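**Q** Each step along the sequence shown adds one to the number in my numbering, with nothing skipped, and position 131 is 492. Glycine included, every Cβ here is placed at the ideal spot set by N, Cα and C. This structure is a prediction, so every number in the text was calculated from the model and none was measured. What follows is a structure written as structure tokens; I'll ask about it next.
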Amino acid sequence: MPGISNVIRTHHVDRWLWVYMPYTIMIFNFLTNLIVSTFTGPYTSGGVMSIYVFMMTLGIIVVPMNFSFLLGFGVRRKDYYSGTVIWLTVHMLVASIVLAVLRAIEKATSWGTGLGFFNFPFTNELGFLEFLALNFVVFTFFCFFGFLLPSIARRFGALVLAGLIVLMFVVLGIASVLVTFYELWDEVGRFFATHQTESIWYLAPFTLLFVVMAYFLLRRSTVK
Numbered sequence: 362m363p364g365i366s367n368v369i370r371t372h373h374v375d376r377w378l379w380v381y382m383p384y385t386i387m388i389f390n391f392l393t394n395l396i397v398s399t400f401t402g403p404y405t406s407g408g409v410m411s412i413y414v415f416m417m418t419l420g421i422i423v424v425p426m427n428f429s430f431l432l433g434f435g436v437r438r439k440d441y442y443s444g445t446v447i448w449l450t451v452h453m454l455v456a457s458i459v460l461a462v463l464r465a466i467e468k469a470t471s472w473g474t475g476l477g478f479f480n481f482p483f484t485n486e487l488g489f490l491e492f493l494a495l496n497f498v499v500f501t502f503f504c505f506f507g508f509l510l511p512s513i514a515r516r517f518g519a520l521v522l523a524g525l526i527v528l529m530f531v532v533l534g535i536a537s538v539l540v541t542f543y544e545l546w547d548e549v550g551r552f553f554a555t556h557q558t559e560s561i562w563y564l565a566p567f568t569l570l571f572v573v574m575a576y577f578l579l580r581r582s583t584v585k
């Protein structure tokens with residue numbers, strides 16, 4: 362436990378990156394859209410997506426930031442992994458609570474302009490806790506996918522990671538070509554239009570897979 366708590370304290374040192382920056386960016390986007398909505402009238406914005414992208418960025422940079430530093434001070438890989446996963450999970454939970462509270466305020470007031478920033482049409486019927494849980498699933502998916510990427514690079518090198526990313530885009534490209542060839546885009550669109558909320562829950566098993574894979578990768582990684 363001392364090793365895990367030391368890892369968490371080390372992460373907590375950089376409050377600007379972990380606490381202030383993601384919400385500063387989100388608030389800036391919100392205020393920009395709020396000003397625009399006073400002129401255009403009611404509309405739904407996708408500006409809140411910036412915080413999801415930022416959370417994935419946090420997952421990507423956390424290992425390069427202090428993995429070697431902490432191991433150099435005698436922290437075990439297992440403790441580094443556990444402390445970092447706890448730290449990331451708590452932050453994703455806090456972000457989910459913040460968005461759920463702001464969405465509740467938005468539903469009650471529409472910010473006086475009809476702006477839809479934190480709520481989307483396909484989440485309109487969700488209750489507070491369900492919306493919170495849904496956001497937690499999305500946040501952890503993006504964050505731990507980001508966490509997996511430097512874990513791969515730390516274990517196998519940047520070239521292997523680059524190759525896997527290229528392979529991923531190739532597979533997605535082939536899938537896109539096949540869907541186009543068999544004229545299935547309408548069916549794909551109808552599926553996601555009908556199951557927008559339900560399909561998000563399917564991200565949870567992938568998140569668990571990312572977390573497990575990162576553990577085995579960091580356990581055997583080298584210190585550079």
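#1: Can you give, in chain order, each stretch of the alpha helix (DSSP H) that sits fully within the segment 367-426 and has at least 4 residues?
#2: Relative to the C-alpha of residue 505, which residue among 582, 575, 363 and 388 is closest?
#3: Starting from residue 477, follow its DSSP beta bridges and name the residues at the other end.
#4: Considering residue 437, what are the terminal residues of the alpha helix (DSSP H) in which it resides?
#5: To which residues of the same chain is residue 512 closer than 8 Å at the C-beta, ignoring the five residues directly before and after it?
#6: Starting from the Cα of residue 448, find the closest Cα among 536, 558, 561 and 365 and give me that residue.
#7: Is DSSP giving residue 583 helix, strand or coil here?
#8: With 16 as the cutoff for other CB atoms within 10 Å, does residue 389 come out buried or exposed?
#9: Go through its chain and collect everything with a Cβ distance to residue 406's Cβ below 6 Å, but skip five positions before and after it.
#10: With H, G and I counted as helix, E and B as strand and the rest as coil, what does DSSP make of residue 520?
#11: How close, in whole Å, do the beta carbons of residue 501 and residue 558 come, if the pair is a contact with beta carbons under 8 Å?
#12: What's the gap between the Cα of residue 434 and the Cα of residue 442?
#13: Nearest-angstrom Cα distance between residue 548 and residue 493?
#14: Looking at residue 503: is its Cβ nearer than 7 Å to the Cβ of residue 410?
#15: Taking the alpha-carbon positions, what's the residue 534 to residue 528 distance?
#16: Return the chain-ordered list of same chain residues with a C-beta closer than 7 Å to the C-beta of residue 532, the five sequence neighbours on each side being excluded.
#17: Thinking C-alpha only, which one of 455, 436 and 398 is nearest residue 475?
#18: For residue 488, name the three-state secondary structure that DSSP assigns.
#19: Measure the Cβ-Cβ separation of residue 521 and residue 564 and say whether it is below 7 Å.
**A** The structure says:
#1: Taking 4 residues as the minimum length, the alpha helix (DSSP H) runs contained wholly in the segment 367-426 are 382-401, in order along the chain.
#2: On the sequence shown, residue 505 is found 144 positions in, with the first residue counted as 1. Checking every option, the nearest Cα to that of residue 505 belongs to 575.
#3: Here residue 477 refers to the residue found at position 116 of the sequence shown. According to DSSP, which records beta bridges pairwise, residue 477 is partnered with 405.
#4: Counted from its first residue, the sequence shown places residue 437 at position 76. No alpha helix (DSSP H) contains residue 437, which DSSP labels as neither H nor E.
#5: In the sequence shown, residue 512 corresponds to position 151, counting from 1. Correct list, in chain order: 424, 574, 575, 578, 579 and 582.
#6: Mapped onto the sequence shown, residue 448 falls at position 87. For residue 448, the nearest C-alpha among the options comes from 365.
#7: Working through the sequence shown from its first residue, we reach residue 583 at position 222. If DSSP states are grouped into helix, strand and coil, residue 583 belongs with coil.
#8: For this step, residue 389 is matched to residue 28 along the sequence shown. Note on residue 389: under 16 other CB atoms within 10 angstroms of its CB, so exposed under the neighbour-count rule.
#9: On the sequence shown, residue 406 is found 45 positions in, with the first residue counted as 1. Answer for residue 406: 394 and 478, listed in chain order.
#10: Residue 520 sits at position 159 when you count from the first residue of the sequence shown. Correct three-state label for residue 520: helix.
#11: Residue 501 sits at position 140 when you count from the first residue of the sequence shown. Residue 558 sits at position 197 when you count from the first residue of the sequence shown. Going by Cβ atoms, the distance from residue 501 to residue 558 rounds to 17 Å, so no, they are not a contact pair.
#12: Locating residue 434 in the sequence shown gives position 73, where the first residue counts as 1. Locating residue 442 in the sequence shown gives position 81, where the first residue counts as 1. Residue 434 and residue 442: Cα-Cα distance of roughly 15 Å.
#13: Against the sequence shown, residue 548 aligns to sequence position 187. Against the sequence shown, residue 493 aligns to sequence position 132. So the alpha carbons of these two residues sit roughly 29 Å apart.
#14: Counting from one through the sequence shown, the residue named residue 503 turns up at place 142. Counting from one through the sequence shown, the residue named residue 410 turns up at place 49. Annotated as distal: residue 503 and residue 410, with beta-carbon spacing of 7 Å or more.
#15: Position 173 of the sequence shown holds residue 534. Position 167 of the sequence shown holds residue 528. Roughly 10 Å between the two C-alpha positions.
#16: On the sequence shown, residue 532 is found 171 positions in, with the first residue counted as 1. Excluding residues within five positions, none has a Cβ falling inside 7 Å.
#17: Locating residue 475 in the sequence shown gives position 114, where the first residue counts as 1. Distances from the CA of residue 475 to each of 455, 436 and 398 were compared; the closest alpha carbon is that of 398.
#18: Residue numbering aside, residue 488 sits at position 127 when the sequence shown is read from its first letter. Residue state, collapsed to three classes: coil.
#19: Residue 521 sits at position 160 when you count from the first residue of the sequence shown. Residue 564 sits at position 203 when you count from the first residue of the sequence shown. Contact: no.
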